[in-house]
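Participant: In our numbering, the protein residues as written are 19 to 262.
#1: Would you tell me roughly how many angstroms separate the C-alpha atoms of residue 107 and residue 72, rounded to the nearest one?
#2: Start and end of the beta strand (DSSP E) containing residue 185?
#3: In chain order, what residues of the same chain lie with their CB nearer than 6 Å to the CB of residue 82, ignoring the 5 residues before and after it?
#4: Could you tell me the alpha carbon to alpha carbon distance between residue 95 and residue 137, rounded to whole angstroms?
#5: Who are the near neighbours of residue 192 in its chain, counting only those whose CB is closer than 7 Å to its CB and skipping five residues on each side?
#6: Count the CB pairs spanning the region 120-130 and the region 156-170 that are closer than 8 Å, and state whether there are at least three.
#7: Is it the case that the region 39-52 contacts the region 110-122, given that we only count it when at least three CB pairs across the two stretches are under 8 Å?
#8: Out of curiosity, what's the CA-to-CA distance linking residue 70 and residue 204?
#9: Cβ of residue 231 within 8 Å of Cβ of residue 140?
#10: So, under 8 Å CB-CB, residue 226 and residue 240 are touching, yes? Tell me the CB distance rounded to an integer number of Å.
#11: Within a Cβ cutoff of 6 Å, which residues of the same chain sit near residue 243, ignoring the five residues on either side of it in sequence?
#12: Beta-carbon within less than 7 Å of residue 109's beta-carbon, same chain only, minus the 5 sequence neighbours each way: which residues are those?
#13: With distances taken Cα to Cα, identify the nearest neighbour of residue 97 among 250, 87, 104 and 78.
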């Protein structure tokens, strides 16, 4: 059956996308899609980080509604990366999710996302090496169910102290929960003193929400209530031109 000639000529979705391509949000969408194609699998240093953040770009995930795109809405944008190095921290997985991404056009186009969540996965072995370098007398190992054990490095068979970490503002509170000596496991009282470990300053208003401890990785969950960035169309077009 032949298509309706009116429908063949007049495609509302195509017109909406064509109109969005002339706007800042259209340029931003084109930049993200082009970066996904051109940079996939490549290691890059993130601009504006002073060389402190580098990663292997995997892919962005975005699927905006054409009507929303014409109105300046990108909806949710999800970015994946691996082999991440931030300052002196090595992470094997990064997942950045920007919710409700939209562009406010006046007076200068500004991209807004609210909220923004960031997931960083760190190998347990990486944390074990860092802990050993800072506390050479102790060895750190996972204990399952979100807990960890500390052993005396010189005599690891003597026993261990079971600890749990919880987020407290800009620091971690490391609390001793159990003492294991030989085959005996002794619960420690709730008033056992906790050690406060200050966290490094996080960029973009991010704050640590929770930390999940697994057998082979520790996942840090960070969140920012809102993220804003000026996105002048000229700068987006310049970046797009460099990518293409």
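The beta carbon of each residue, even a glycine, is placed where N, CA and C say it ideally should be. None of the values given here were measured: they were computed from a predicted structure.
Facilitator: Once the coordinates are examined:
#1: Counting from one through the chain shown, the residue named residue 107 turns up at place 89. Counting from one through the chain shown, the residue named residue 72 turns up at place 54. Rounded to the nearest whole angstrom, the CA to CA distance from residue 107 to residue 72 is 11 Å.
#2: Counted from its first residue, the chain shown places residue 185 at position 167. Unbroken beta strand (DSSP E) run through residue 185: 177-186.
#3: Start at 1 with the first residue of the chain shown, and residue 82 comes out as number 64. For residue 82, where only same-chain residues beyond five positions count, the Cβ hits under 6 Å are 92 and 93.
#4: Residue 95 sits at position 77 when you count from the first residue of the chain shown. Residue 137 sits at position 119 when you count from the first residue of the chain shown. Their Cα atoms are separated by approximately 14 Å.
#5: Taking the first residue of the chain shown as 1, we reach residue 192 at position 174. So the qualifying residues of the chain are 181, 183, 212, 213 and 215.
#6: No, the region 120-130 is not in contact with the region 156-170.
#7: yes
#8: As a first step, residue 70 is located in the chain shown; it is residue number 52 there, counting from the start. As a first step, residue 204 is located in the chain shown; it is residue number 186 there, counting from the start. One C-alpha to the other measures close to 44 Å.
#9: Walking along the chain shown from the start, residue 231 turns up at place 213. Walking along the chain shown from the start, residue 140 turns up at place 122. In this structure, residue 140 does not lie closer than 8 Å to residue 231 by Cβ.
#10: Within the chain shown, the letter at position 208 stands for residue 226. Within the chain shown, the letter at position 222 stands for residue 240. Indeed they touch by this definition, with Cβ atoms about 6 Å apart.
#11: What you label residue 243 is simply residue 225 of the chain shown in a count that begins at 1. Answer for residue 243: 133, listed in chain order.
#12: Residue 109 sits at position 91 when you count from the first residue of the chain shown. Once the five neighbours on either side are set aside, the close Cβ partners of residue 109 are 102, 138, 139 and 140.
#13: Translated into the one-based positions of the chain shown, residue 97 becomes position 79. Looking at the Cα atoms, 78 is the closest of the given residues.
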